[in-house]
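Before any comments, here is the structure.
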Amino acid sequence: MVRRGMVIDLSRCVGCYSCIMACKAKNGTPKGVFWTKVLEKEVGTFPTAKRVFWPVLCNHCKTPACLEVCPSGATVQRSDGIVTVDQDKCIGCRYCMQACPYNIRVFMDEVEGYFPKGLTPYEERMYGRWQRGTVTKCDFCADRVDEGLEPMCVEVCPAKARVFGDLDDPDSEVSRLIREFRGEPLLPEFGTEPSVYYLK
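So the sequence shown is numbered by the working numbering: it starts at 13 and just counts up by one.
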């Protein structure tokens, strides 16, 4: 049994946004749609103030609240734990957005490009898969994972802040990092058992 998961080392993240740009480029998400974000805040006081960066994305929970409330069957959990959304089945009810404790799903009210003169050839090619009035989110680059590759956000991170692997394998790097550095998921009190862990 394989359960895909990710570890994010907050001490390594430098807030470069490479993960955000690589995700958008790979998945071709429309204007305003971001599957991964980097939250940031300033902590401390002058002269020792510093910026803290916190990357967030779908947590691909072991017990996803979004799956339980989806009335159309658009939200599906694969055998490896990756949670996906079928655009053709999504009816845009947004129950999943209400149920998710992590506020990371995106409702595509409009599918529009970045430039006023119309869609670029890239946008025309990539935006064809998206439907107005549906919900979308990170899928851990499931197509790449199926080819034995890492999600794009992991591959491009220059600081190597993200590690992807099998949470069910005690010898995998993600399991070792969680164990050795006491990795913790976000909001474990909701009982969804997230598959994204953070090292502080």
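Heads up, the beta-carbon is just placed ideally off N, CA and C, and yes, glycines get one too.
Subject >> Where M164 falls, given that 16 or more other Cβ within 10 Å makes a residue buried >> reply: Taking the sequence shown and counting its residues from 1, one reaches residue 164 at position 152. By the neighbour-count rule (16 or more Cβ atoms within 10 Å), M164 is buried.
**OP:** Could you tell me the distance, in whole angstroms, from the CA atom of T96 to the CA atom of C150?
**Re:** One-based indexing of the sequence shown puts residue 96 at position 84. One-based indexing of the sequence shown puts residue 150 at position 138. Near 8 angstroms, if we compare the C-alpha coordinates of C150 and T96.
**OP:** Just tell me which of L69, Y29 and D121 has its CA closest to the CA of M18.
**Re:** Sequence index remark: in the sequence shown, residue 18 carries index 6 (1-based). Measuring from the Cα of M18, the nearest candidate turns out to be L69.
Subject >> Buried or exposed (CB count within 10 angstroms, at least 16 for buried), G203 >> reply: Counting from one through the sequence shown, the residue named residue 203 turns up at place 191. When all chains shown are included, G203 counts as exposed.
Subject >> Buried versus exposed, by CB contacts within 10 Å (16 or more), T132 >> reply: Sequence index remark: in the sequence shown, residue 132 carries index 120 (1-based). T132 should be labelled exposed.
Subject >> Beta-carbon proximity check, C169 vs C31, cutoff 8 angstroms >> reply: Residue numbering aside, residue 169 sits at position 157 when the sequence shown is read from its first letter. Residue numbering aside, residue 31 sits at position 19 when the sequence shown is read from its first letter. A contact, by the Cβ cut-off of 8 angstroms.
**OP:** Give the straight-line distance between the Cα atoms of E124 and Q143, rounded to the nearest whole angstrom.
**Re:** Reading the sequence shown from its first residue, position 112 is the one you call residue 124. Reading the sequence shown from its first residue, position 131 is the one you call residue 143. Their backbone Cα atoms lie some 11 angstroms apart in a straight line.
Original post:
Since R15 contacts D92 with CB under 8 angstroms, what's their CB separation in whole angstroms?
Top reply: Translated into positions along the sequence shown, residue 15 becomes position 3. Translated into positions along the sequence shown, residue 92 becomes position 80. Going by Cβ atoms, the distance from R15 to D92 rounds to 6 angstroms, so yes, they are a contact pair.
Original post:
Could you check where the beta strand (DSSP E) with E52 kicks off and where it finishes?
Top reply: Position 40 of the sequence shown, counted from the start, is the residue given in the question as residue 52. That run of the beta strand (DSSP E) goes T48 to V55.
Subject >> Chain-order list of residues whose beta-carbon lies under 6 angstroms from that of K49 (same chain, five-residue window excluded) >> reply: Along the sequence shown, one-based indexing puts residue 49 at 37. Counting only Cβ-Cβ distances below 6 angstroms, and skipping sequence neighbours, we find V68.
**OP:** Please classify N71: is it buried, with 16 or more other beta-carbons within 10 angstroms of its beta-carbon, or exposed?
**Re:** Your numbering for residue 71 matches position 59 in the sequence shown. In this structure N71 is buried. Its beta-carbon is surrounded by 16 or more other beta-carbon atoms within 10 angstroms.
Original post:
Hey, how far is the Cα of M13 from the Cα of D181?
Top reply: What you label residue 13 is simply residue 1 of the sequence shown in a count that begins at 1. What you label residue 181 is simply residue 169 of the sequence shown in a count that begins at 1. Cα to Cα, the separation comes out at about 9 angstroms.
Original post:
Which same chain residues, not among the five before or five after E167, have their C-beta less than 8 angstroms away from its C-beta?
Top reply: For this step, residue 167 is matched to residue 155 along the sequence shown. For E167, where only same-chain residues beyond five positions count, the Cβ hits under 8 angstroms are A34 and L161.
Original post:
Relative to the alpha-carbon of Y107, which residue among K129, D100 and C78 has its alpha-carbon at the smallest distance?
Top reply: For the purposes of this step, residue 107 is taken as the residue at position 95 of the sequence shown. Residue C78 is the option with its Cα nearest to Y107.
Original post:
Where does Y210 land, buried or exposed, given buried means 16+ other C-beta within 10 angstroms?
Top reply: Looking up residue 210 in the sequence shown gives position 198. Around the CB of Y210, 16 or more other CB atoms lie within 10 Å, so the residue is classed as buried.
**OP:** Identify which residue in K62, N115 and E52 has its Cα closest to the Cα of L199.
**Re:** Within the sequence shown, numbered from 1, the residue matching residue 199 stands at position 187. When each option's Cα is compared against that of L199, the closest is N115.
Subject >> Simplified DSSP state of K38, which is helix, strand or coil >> reply: If you number the sequence shown from 1, residue 38 lands on position 26. When secondary structure is reduced to three states using DSSP, K38 falls in the helix class.
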